[in-house]
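Numbering (our numbering), first residue to last: 7 to 83.
Note that CB positions come from ideal geometry on N, CA and C, so glycine has one too.
Contents: one structure, followed by commentary.
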């Protein structure tokens, strides 16, 4: 199954990636700065919630999506 995890560099995103790996899935981490993710064996895709085209590319071919981020939260503060 092709699983995407948005917000993969955050606390919840990393936890979700670990659970998916433990369950035998091969998740793909989606983040603005995937270099912040230091989890072995996880593919990475760059996307930004402020750039809709990047989100569409990140979703291409996905079977399942986990969103572990609050899009735009920082801009609301």
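Item                                                                                                            : Value
Relative to the C-alpha of residue 60, which candidate in 37, 31, 20 has its C-alpha closest?                   : 37
Taking the straight line between their C-alpha atoms, what separation do you get for residue 72 and residue 10? : 6 Å
Checking 7 Å against the spacing of the C-beta atoms, do residue 35 and residue 50 come in under that value?    : yes
Among the candidates 75, 25, 7, whose CA atom is the shortest distance from the CA of residue 45?               : 25
Residue 69 and residue 7: beta carbons closer than 7 Å?                                                         : yes
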